[in-house]
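**Student:** Below you will find the structure I want to go over with you.
Protein chains in written order, with our numbering: chain A, 3 to 117; chain B, 528 to 642.
This is the structure we're talking about:
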């Protein structure tokens with residue numbers, strides 16, 4: 003699976019948009035970008051994933067650059083409850099691919115939403 | 528709809544003992560993965576079970592073993608516990624659709640302390 007690079011920490015004011023970047027310059031054509039977050043002492047929570055088109059759900063938006071070498075997770079109106087470690091993960095979705103069966107977590111970005 | 532449930536939530540064991548952790552996947556999911564998360568680090572993949580077989584394994588010794596039951600629930604067993612096995616153990620479930628794994632949903636984890 004392609005490796006990802008994220009800033010170790012970011013702050014965001016409550017009510018403002020939080021934009022979390024991720025670099026994945028070695029991503030291959032069939033690999034998806036997944037985002038998870040982990041609130042302190044809880045299990046990781048799935049947020050969103052995408053291949054090459056921008057995606058939006060009730061939690062967030064995912065913007066993937068045209069060359070797919072980087073992406074940005076956007077929390078449109080951050081709240082204090084969004085304070086968490088955010089993980090960007092690149093993986094093949096195919097079950098037949100040996101490396102696709104696991105999620106490889108890096109260090110993530112600690113997002114702190116400030117009141 | 529119940530999510531992923533793990534038991535127990537906390538556990539204290541002595542070095543050299545054996546421990547069994549349990550996981551019930553999200554309703555409708557057929558695949559279970561186990562992760563170990565040491566303090567301050569991202570989760571590390573241990574292994575994944577599908578159709579009651581271990582399908583992929585991370586870089587963990589044979590002291591770590593598992594099982595999946597016909598109802599898709601799973602157990603993680605760790606023998607000859609070491610102090611370094613102290614960690615949050617996470618279970619994640621997903622569904623195999625054709626050749627693809629859907630996104631994984633995590634339980635809240637079992638906090639294992641080895642003394």
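Every residue gets a Cβ at the ideal spot worked out from N, C-alpha and C, and that includes glycine. Just so you know, these numbers come straight off a predicted model, no measurement behind them.
Output needed for residue 117 (chain A): all residues of its chain with C-beta closer than 6 Å, excluding positions within five of it in sequence on either side, in chain order.
**Tutor:** Within the same chain, residue 117 (chain A) has close Cβ partners 16.
**Student:** Can the beta-carbon of residue 111 (chain A) be found less than 8 Å from the beta-carbon of residue 12 (chain A)?
**Tutor:** Going by C-beta atoms, residue 111 (chain A) is nearer than 8 Å to residue 12 (chain A).
**Student:** Which residues, taken in chain order from the segment 541–571 of chain B, show a beta carbon closer than 7 Å to some beta carbon of chain A?
**Tutor:** For the segment 541–571 of chain B, which is checked against every Cβ of chain A, the residues closer than 7 Å are 560, 569, 570.
**Student:** Pull up the distance between the alpha-carbon of residue 63 (chain A) and that of residue 57 (chain A), whole angstroms please.
**Tutor:** The alpha-carbon atoms of residue 63 (chain A) and residue 57 (chain A) are separated by roughly 6 Å.
**Student:** One question on the structure: do residue 538 (chain B) and residue 639 (chain B) come within less than 8 Å of each other, judged by their Cβ atoms?
**Tutor:** Contact: yes.
**Student:** Quick one: grab the DSSP three-state call for residue 584 (chain B).
**Tutor:** If DSSP states are grouped into helix, strand and coil, residue 584 (chain B) belongs with the strands.
**Student:** Assign residue 578 (chain B) to buried or exposed, taking buried as 16 or more other Cβ atoms, counted over all protein chains shown, within 10 Å of its Cβ.
**Tutor:** Exposed, since its Cβ has fewer than 16 Cβ neighbours within 10 Å.
**Student:** Is residue 23 (chain A) close to chain B? Criterion is C-beta to C-beta, closer than 8 Å.
**Tutor:** No, residue 23 (chain A) does not count as interfacial toward chain B.
**Student:** How many whole angstroms separate the CB atoms of residue 559 (chain B) and residue 601 (chain B), which I take to be in contact at a CB cut-off of 8 Å?
**Tutor:** Confirmed, about 4 Å.
**Student:** Quick one: list the residues of chain A neighbouring residue 630 (chain B), beta-carbon separation under 8 Å, in chain order.
**Tutor:** Those are 36, 48, 51, listed as they occur along chain A.
**Student:** Rounded to the nearest angstrom, what separates residue 52 (chain A) and residue 95 (chain A) at their Cα positions?
**Tutor:** When rounded, the distance between both Cα atoms is 11 Å.
**Student:** Give the secondary structure of residue 13 (chain A) by DSSP, where H, G and I count as helix, E and B as strand, and everything else as coil.
**Tutor:** Three-state result, residue 13 (chain A): strand.
**Student:** Rounded to whole angstroms, what's the CA-CA distance from residue 637 (chain B) to residue 40 (chain A)? Just pull it up for me.
**Tutor:** Those two C-alpha atoms are separated by around 15 Å.
**Student:** If we require 3 or more residues per run, which beta strand (DSSP E) segments fall completely within the segment 531–613 of chain B?
**Tutor:** DSSP runs (the beta strand (DSSP E)) wholly in the segment 531–613 of chain B: 532–534, 537–540, 546–551, 558–564, 571–577, 580–584, 591–595, 601–605.
**Student:** With three or more C-beta pairs closer than 8 Å as the rule, is the segment 66–81 of chain A touching the segment 26–39 of chain A?
**Tutor:** The segment 26–39 of chain A is in contact with the segment 66–81 of chain A.
**Student:** Enumerate in chain order the residues of its own chain whose CB-to-CB distance from residue 7 (chain A) is below 6 Å, with the five nearest sequence positions on each side excluded.
**Tutor:** Excluding sequence neighbours, residue 7 (chain A) sits near 25.
**Student:** Considering only DSSP beta bridges, list what residue 57 (chain A) is partnered with.
**Tutor:** DSSP, once it has assigned bridges, lists A:64 as partnering residue 57 (chain A).
**Student:** Per DSSP, residue 620 (chain B) is paired with what?
**Tutor:** In the DSSP output, where bridge partners are listed per residue, residue 620 (chain B) has B:559, B:632.
**Student:** Helix or strand or just coil, what does DSSP make of residue 83 (chain A)?
**Tutor:** Note: residue 83 (chain A) maps to helix in three-state DSSP.
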